[in-house]
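Protein chains: 6
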Amino acid sequence: MSSPAFAPMTEFTRPSGRMPHELRSITLECGVSAHAEGSCLISFGRTKVLCTASIEESLPPFLRGKGQGWVTAEYGMLPRSTHTRSNREAAKGKQTGRTQEIQRLIGRSLRAVTDLVALGERQVIVDCDVLQADGGTRTAAITGGFVALHLALQKLVGAGKLPKVPVQQSVAAISAGIWKGMPVLDLDYDEDSTAEADANFVLTSDGRIVEIQGTAEAEPFSRDQFAGLMALAESGVAQLIALQRKTLGL
Amino acid sequence: MSSPAFAPMTEFTRPSGRMPHELRSITLECGVSAHAEGSCLISFGRTKVLCTASIEESLPPFLRGKGQGWVTAEYGMLPRSTHTRSNREAAKGKQTGRTQEIQRLIGRSLRAVTDLVALGERQVIVDCDVLQADGGTRTAAITGGFVALHLALQKLVGAGKLPKVPVQQSVAAISAGIWKGMPVLDLDYDEDSTAEADANFVLTSDGRIVEIQGTAEAEPFSRDQFAGLMALAESGVAQLIALQRKTLGL
Amino acid sequence: MSSPAFAPMTEFTRPSGRMPHELRSITLECGVSAHAEGSCLISFGRTKVLCTASIEESLPPFLRGKGQGWVTAEYGMLPRSTHTRSNREAAKGKQTGRTQEIQRLIGRSLRAVTDLVALGERQVIVDCDVLQADGGTRTAAITGGFVALHLALQKLVGAGKLPKVPVQQSVAAISAGIWKGMPVLDLDYDEDSTAEADANFVLTSDGRIVEIQGTAEAEPFSRDQFAGLMALAESGVAQLIALQRKTLGL
Amino acid sequence: MSSPAFAPMTEFTRPSGRMPHELRSITLECGVSAHAEGSCLISFGRTKVLCTASIEESLPPFLRGKGQGWVTAEYGMLPRSTHTRSNREAAKGKQTGRTQEIQRLIGRSLRAVTDLVALGERQVIVDCDVLQADGGTRTAAITGGFVALHLALQKLVGAGKLPKVPVQQSVAAISAGIWKGMPVLDLDYDEDSTAEADANFVLTSDGRIVEIQGTAEAEPFSRDQFAGLMALAESGVAQLIALQRKTLGL
Amino acid sequence: MSSPAFAPMTEFTRPSGRMPHELRSITLECGVSAHAEGSCLISFGRTKVLCTASIEESLPPFLRGKGQGWVTAEYGMLPRSTHTRSNREAAKGKQTGRTQEIQRLIGRSLRAVTDLVALGERQVIVDCDVLQADGGTRTAAITGGFVALHLALQKLVGAGKLPKVPVQQSVAAISAGIWKGMPVLDLDYDEDSTAEADANFVLTSDGRIVEIQGTAEAEPFSRDQFAGLMALAESGVAQLIALQRKTLGL
Amino acid sequence: MSSPAFAPMTEFTRPSGRMPHELRSITLECGVSAHAEGSCLISFGRTKVLCTASIEESLPPFLRGKGQGWVTAEYGMLPRSTHTRSNREAAKGKQTGRTQEIQRLIGRSLRAVTDLVALGERQVIVDCDVLQADGGTRTAAITGGFVALHLALQKLVGAGKLPKVPVQQSVAAISAGIWKGMPVLDLDYDEDSTAEADANFVLTSDGRIVEIQGTAEAEPFSRDQFAGLMALAESGVAQLIALQRKTLGL
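Line order of the protein sequences matches chains A, B, C, D, E and F.
Going by our numbering, 93 is the number at position 75 of the first sequence; the sequence numbering is gapless.
Going by our numbering, 211 is the number at position 193 of the second sequence; the sequence numbering is gapless.
Going by our numbering, 40 is the number at position 22 of the third sequence; the sequence numbering is gapless.
Going by our numbering, 205 is the number at position 187 of the fourth sequence; the sequence numbering is gapless.
Going by our numbering, 43 is the number at position 25 of the fifth sequence; the sequence numbering is gapless.
Going by our numbering, 244 is the number at position 226 of the sixth sequence; the sequence numbering is gapless.
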C-alpha cells in the first residue's frame, strides 16, 4: 500500500498478497482412492477437490447404439467445506442451480478433449467433490477432473481395452477477475467476494478455448479489461497444464 | 470475417440464407399482458418469448432490511415451443439444469443495470416464457426482459413511488457462433445445432460487458475466432438497444 | 332466465355488463404454432389459452399393445397470467391439485369424442397453457383443445396415416353460475369470485353430456337453479360448437 | 327406471343383484378412534372408510386473523385396500391427481354446511382413510366425514368452547351411474368399471346441491339420463341423512 | 425381575398398572381384508395394526433371474393414529427416517425366517398400517406381519403353487425398556415416553435372535440391565409365538 | 470364541488375516478442516470418514426456548467411496433409508453423552462424510464424530462461551459379526458381505451401552453368540476410547 516512486505494481496489494498474475500454490496428488479407476486430490491453495473417475461398461439408454461413449461429471460440496455450513443437497432433496451449472460445465470441458468414438460404448463419470472451499472450486474441478479421467483411461489402455488414451488435448481451467479495477489471476474467496467481475477460462494445451464465462458482479467491464483477464488466464493455464503433464508422465 | 477480395460471399451460405452479420427480423410488442406491471412479446425470427415484469412490494425474508430491492427472473418453455415436444417441467417436478442456468443469467444481467438501492425495498420478478423456440431464446429473454422491467419501473414512477427509473444503462443480448469455420450472428436452431461453437454476449448501451458465455460444441476455438464473435455481437447488440430505446421512447 | 313481463332486466347488472345468457367475445386463431401438429389460440374475452396438439407415434408402456391409441392433456398457467403473480409450478416442484384436476378433465373430455381404436397406436398430447386468465380457463382449454386435436388429426389424414379424422362429435365447454341468485353464463373472474355457485358443462354437438361439475361456493343451490344453469350452458355450447365447426371448415 | 308393466326386472340384473334404486348395506360405527376428537367407520357394502376429525386450536398462517375457522380434509387409500395392490403414495413421494381431487371435494362439501365464522379461529382436519375399497369411496368419505366432524364439534360444545354445533345442514353423498343404459344407484367396483357413465352427488338435508360431478366413461349421456341419476341420488341421500341423524342423535 | 421375598411389588407401579413382565392384552384377527392374500388385525392393548400380505407373481427388475423370491414390507401410520395428529407422509412427499427404519426392520425380520429359494420367483409385500398407536407399533407389525405372510403362503400352497409353506421358523417381536431403573416388558406410549432405555427384540420360535435394537433414551444402560431386558423379551415372544401358532393352526 | 485345546487358530483365517479380536489399524487426524469449529479424519483400515462439527448460535424453531441446546448429525457417502460407484443422493433427490438410519444413530449416540442443558441454546451439527468405504463406516463416523464434537466444544470453552466441555462420557462404536460361525471384531467389507450376522455397539467410557443393533443377515444367531459379540465389542471400544482420549489430550 506504500507506493515507492517507480514501483507502481507494489502500490497494489491483493488480499492474498499475491502478484496479479500469480497462482496460488497448486498441488496434485494422484491415486488417492482405493476404488476409483482414476483419482486425484487437487489443491489450489486452501481449495481442495477430490476427483474420481469411474468407468462403466454400459451407457444410459438414450446414448446406446450410437457407436460412441460418454463422459459426464457430477459436482458437490461437503456441507462444511464452506466458511459457514451450507445445507446438504441430499437432505434438501435437490441440487442448486449453481451445482448443476458447474457440473454441466465440467462435463462439457472434459468431453471437448475426448474422442468419444474412440472411447467406445462405455461411460466415464467424473465426480468432483469439494472437501474444502476457498474460491475457484469449479476450475480446480476441471483441472483435477482431467487428471482423474486420464488415469482411468490409462487403466483401460493397460487392460488392453483401448489401444491408446482417447484424449486429444489436455484441458485445464483458471479464474481471473477484476479487483479494484485491476485484472488478477486465480481469485480466492476473499478476493472473489470483493471483485467487480469474475471470469472462468477453460483452455486446451494448444491454446484454444473450450469455455469462457465472464460475469460482471457489480459493474459491467470493458473489452480491454476482458482482454487482460484472458491474457492472465492463458499464462495460468499453461502452468496448470505443465503440472498435469508432469503428474501424468506425459 | 475478413473475406479475401474475390472470395464470393455466395460460396458461403448460412442455413438461414442470412449474411454472417445479419440479425433475424426482430420485433418487440409492448403491453401484451392485461395484468403485469410491464410486459412485451419479443420475436427473433420464429423465436417468440413472452416477458412480464411483476412488482411485489415486499422482499423474500433473506433480502429484507438491507436497504435495497431485488430483481430476479424465471424462465420456462412451453412443452411444444420446441420442434418435438419436451416434457413439462412442472410435471417432472423439477427444472432442468439448463433452465436454472438461463434464469440465473437473465437475473444477473438485469440486476447489472439496475440501481437496487434506488429501487427501494421491493422486488421485480421478470418471467420469460418461450412460446415458440427457434434458437436464441435466452438472448431474446434478456433483451425483452429488460423492456418489461423498464415498463414496470416506469409505472412505479408514474404512480409516484419512484422519482425516476432506477436503471443505469440499457442491456441486451445476442448469440454468435462459428459455423463451418465462419463467425455468424444470431444463430437460429438449424444453425445452432450444426455450429462448432456458440457464444452469448450480454452488453450494455455504453458498450461494456455484463456476461460472456462461450462454449465449444465440437471443437475448441481460437482467440481470433472469439474476437470475431465479439465484434459481431457488438454490432448486433447496438441494433437491439436502438430498438429497445425506440420502443421505450427513450 | 324467464323474466316476468315487467321485470326490468335493467335492474340486474352483471359486473361485466353482459346479459345473463351472453357469452364474452370468443375468438379462435388456428395454426399459431410453427412446430405443433395442431394449434390454436382461443380467447374468451380477456382469457387467452394457447392449445397445441402433439402427435407421438408411440405410446407409454402401460398403453402399448392394446390395439388403440390415447389422447391426454396437460394444463398450465404462466405465472403472471393471473391478476397477481402465482408461483411457477416447475419451481415449486409440483403441480397443484387444481392443475391436476383440470388436466384430467380436459383429457377425459377429448377422449370422450375420439375413437381411440381408429386412432391407432399413437398418442396425441394436448397442451393448454393459459397466457392470460380472466375466469373460465378450463372451459376455454377444452373448447380450444378440441380444435387443436382436430387439426392434428387432419394432418394425419393428410399424410395418409388415417383414412378419416377419428372424432365422433365436436365437444366444447362453458361455465355458468349463480350470481346474486340469478343464473348467468360464462363468468369472468370478477363474477366468478362473487358467485354463489359455479358449474362447468362439457357437451357434445349432439347435445349430450360429457362432464358436469357443479360446486356451491357459498350456499347450496336448488335443483331448479341447476336446471337454469344447464339451459344457459346448452345455449352457450351451441354457439361455441358453431364457431369450432366454422373454424375447422366442417 | 320406469319399467313397463310386464317387464321383467329379471331381465335386468345388476352385477350386485340389487334393484336399480337400492343402496348397499350401509353401516356407521362411531367413536372407533381412541385419540381423535371425532371418528367413525363407515361401510357401504365392502367399502370401508375410517374417518377421523382432529381439532387444532390454531390456523395455518394464511388463514389467521380473518375472524373465522377452517375445515379441511385429507384422503388416502391403504395400499391393499384395492383388488390388486397399489403403490403407497408416501413411498412414491406424491399424491395422485385423483387423491387430490377427492380430498378437495370432501373439504368443499364439509365447509359448505359449516358456519366457519361460528367455528372460531380453529381448524378441523378430517382424515378419510380407505381400509377396503369396493367402489364409492369418495361418497362414503363425505358421508362418514360429516359424522366425524359433527362428533368433534359436539365435543367442543361439551367442553364449553362453542355454544352450539356450527353446522347448518347435514350433508351426505352417493354415486349413481348408467349401467347397460339404465340408471342405477350406489355402484360397487364391478358395476363402476363397466358403467357407461358415473356421477357423484353431494346433497344437503334440505335437498339442495353442494356438488355434482358427472362423467361419461364411454359414451356421452343425455339430459334425461342425467335427470334419472339425480332422482336416484336424492332418494339415496335421504336414506343416508336419516342414518347420520339417527347415529348422531339429532 | 426377581423380586425378593418381601419385596413390595406394590412400591413399583408402572403407568399401565401391569406387572413388569406382563404383556398387554394381545389379539389377532385373521382374514380382515377382502382383497389381500393374507391379512390380520393385531392389537397390543390400544395399539392396532392392520397387516396385509400381497403376492405378486413377478419381481422388481434387480431381483429377477436369481432363482429366488423376495419378501418386503412397508409401514405407515394413519395421521390420527397418534395422540395428536401427525402430518400425512403422502402429503409431505416423503417418508420419515423413522418410517424407513421400521419398514426395513420388518422386511429383514420376515426374510430371516423365509426360504426365499423355495418361495420361487415371486414377491410378497407385507403392508403394516397403524390404525391406532399406543407404543410398540413396530413389534406389533412384525408379529402380525408374520401371520399375514403365513396366510398368504398357505394360499399359494392351497392353489398348488407351492408344495409347502416356505417358512422355517415363526418370528415375533416385543419391546422391553428400563423404567425408573426397572426392566419392564411391552411398553405402552406413556411408559415409552418416560423410559430411560428402550429395546426391541425380534426372536424366532427356536429362541434365536433375528434383530436386537437397544437405545438409551436418557442415560446409557448397563450390561446387566440389558440382560434383564432380553430375559423379559424371551418370555414375551414365547407367548406371542404361541398365539401366532394357535391362530394359524400350526 | 472358546477354541478347543488343539484347535488351530490357523484353521480359521479371516479374509483380512486378522485375529478374531483384532481391530484394523485405526488413525485419527484432527484439525483437517480450515473452516469447521471441530474436525477430524478417522480411518479404520481403508475406511476413511471426514467428520466436521459446526456450531450454530441458534436453534431450529421447534427447539427454541426450551433452555437447552441440540446435537445432530448428517451422514453421506461420496459416490465413488464404494467399490462400484453409487448414485449421488443429491442427484436422486432423496436420502436412502440406510443414510437416514445411520445419521439418526450418530445423532442419538452423540446426544447420549452430551449435557444439552449445559450446552445452552445453540446447535452442533456433526457431518460425517465417507471419503472411502470398506465396512464399518457408521462406527467410524460415531467414533470420529465424537472427536469433532469435542474439539468444537473445546473451542467454545476457549472462547469463554462455556465454562467447561459439556460432555459426560466419551463414546465410541465398533462392529462385530459372526463369520463362519465365529465371532470376529471390526468387519471390513469382504467380511461383512459374507458374515452370518452383524452387530454395532455404541459404548461409553464407563462401559455402559448407548446403542446396540444386531442383525441376522442369513441365519438367526444364538444368545451365546451375541454375548461373544458383545465381549469383543467391549474390548474394541476400550481401545478406541483410549485413542480418542489421547488425541483429545484428556
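C-beta: ideal position from N, C-alpha, C; glycine also.
Since the model is a prediction, treat every value here as computed from it, not as a measurement.
Closer than 7 Å at the beta carbon, the chain D residues around residue i
{"i": "S76 of chain E", "result": "Going along chain D, no residue has its Cβ under 7 Å from S76 of chain E, so there is no contact; the nearest lies around 12 Å."}
Candidates the options: closest to residue i by CA position
{"i": "R64 of chain A", "options": "A:V144, A:A236 and A:I44", "result": "A:I44"}
{"i": "L46 of chain A", "options": "A:E92, A:G199 and A:C69", "result": "A:C69"}
{"i": "S223 of chain C", "options": "C:Q262, C:Q86, C:S51 and C:Q118", "result": "C:Q262"}
{"i": "L59 of chain F", "options": "F:S127, F:R140, F:A170 and F:L149", "result": "F:L149"}
{"i": "S72 of chain F", "options": "F:D210, F:A52 and F:G85", "result": "F:A52"}
{"i": "V161 of chain D", "options": "D:L247, D:A136 and D:R126", "result": "In the sequence on display, residue 161 of chain D carries Thr and not Val. For T161 of chain D, the nearest C-alpha among the options comes from D:R126."}
{"i": "R226 of chain A", "options": "A:M37, A:A190, A:L205 and A:M200", "result": "A:A190"}
{"i": "T155 of chain D", "options": "D:T31, D:A130 and D:K66", "result": "D:K66"}
Neighbouring residues, chain F, relative to residue i (Cβ below 7 Å)
{"i": "K112 of chain E", "result": "K112"}
Assigned secondary structure, residue i (DSSP; H/G/I helix, E/B strand, else coil)
{"i": "P79 of chain A", "result": "helix"}
{"i": "D216 of chain F", "result": "strand"}
{"i": "M37 of chain C", "result": "coil"}
{"i": "R132 of chain E", "result": "A small fix is needed here, since residue 132 of chain E is Thr in this sequence, not Arg. Correct three-state label for T132 of chain E: strand."}
{"i": "E47 of chain F", "result": "strand"}
{"i": "T117 of chain C", "result": "helix"}
{"i": "Q86 of chain C", "result": "coil"}
{"i": "N96 of chain C", "result": "At residue 96 of chain C the sequence reads Leu, which differs from the Asn that was named. Coil, per DSSP."}
{"i": "K66 of chain B", "result": "strand"}
{"i": "A71 of chain B", "result": "strand"}
Min CB distance residue i to chain E below 8 Å
{"i": "V228 of chain F", "result": "yes"}
{"i": "G56 of chain F", "result": "no"}
{"i": "E119 of chain F", "result": "yes"}
{"i": "L96 of chain D", "result": "yes"}
Below-8 Å beta-carbon distance, residue i vs any chain D residue
{"i": "Q141 of chain E", "result": "no"}
{"i": "M19 of chain C", "result": "Since pLDDT at M19 of chain C reaches only 37, below the 50 mark, its modelled position is unreliable, and the value read off the structure follows with that caveat. No, no contact with chain D."}
{"i": "L68 of chain E", "result": "yes"}
{"i": "H101 of chain E", "result": "yes"}
Residue-chain proximity (residue i, chain C), Cβ-Cβ < 8 Å
{"i": "V157 of chain B", "result": "One point to set straight first is that residue 157 of chain B is Thr, not Val, in the sequence displayed. Chain C contact via Cβ: absent."}
{"i": "R126 of chain D", "result": "yes"}
Short CB-CB distance (under 8 Å) between residue i and chain B
{"i": "G232 of chain A", "result": "yes"}
{"i": "D145 of chain C", "result": "yes"}
{"i": "F15 of chain A", "result": "For chain A, the structure presents residues 19 to 268; residue 15 of chain A sits outside this window and is missing."}
Neighbour list for residue i in chain B, Cβ cutoff strictly below 9 Å
{"i": "F239 of chain A", "result": "R226, I227 and V228"}
Closer than 9 Å at the beta carbon, the chain D residues around residue i
{"i": "T212 of chain C", "result": "Result: empty, since nearest Cβ-Cβ is about 17 Å, beyond 9 Å."}
Chain-ordered neighbours of residue i on chain B, where CB pairs are closer than 8 Å
{"i": "G163 of chain A", "result": "Correct list: empty, because the minimum Cβ distance to chain B is about 17 Å."}
Neighbouring residues, chain C, relative to residue i (Cβ below 7 Å)
{"i": "A52 of chain B", "result": "R64 and Q150"}
Interface residues of chain E facing residue i [CB-CB closer than 7 Å]
{"i": "A130 of chain F", "result": "A234 and P238"}
Min CB distance residue i to chain F below 8 Å
{"i": "P184 of chain A", "result": "no"}
Below-8 Å beta-carbon distance, residue i vs any chain A residue
{"i": "D208 of chain F", "result": "no"}
Where residue i meets chain B, residues with beta-carbon distance less than 7 Å
{"i": "E40 of chain C", "result": "Here the premise fails: no neighbours, minimum Cβ distance about 20 Å."}
Residue i: contacting residues in chain F (beta-carbon distance under 8 Å)
{"i": "S43 of chain A", "result": "Under the 8 Å cutoff, chain F gives no residues; its nearest Cβ is about 14 Å from S43 of chain A."}
(request) Can you check the region 138-204 of chain D for any beta strand (DSSP E) of at least 3 residues that lies completely inside it and give the ranges in chain order? (result) As far as the region 138-204 of chain D is concerned, its whole beta strand (DSSP E) runs of at least 3 residues are 141-150, 189-197 and 200-203.
(request) May I have a chain-ordered list of the beta strand (DSSP E) segments no shorter than 3 residues that lie completely inside the region 208-264 of chain D? (result) Runs of the beta strand (DSSP E) inside the region 208-264 of chain D: 215-222 and 227-234.
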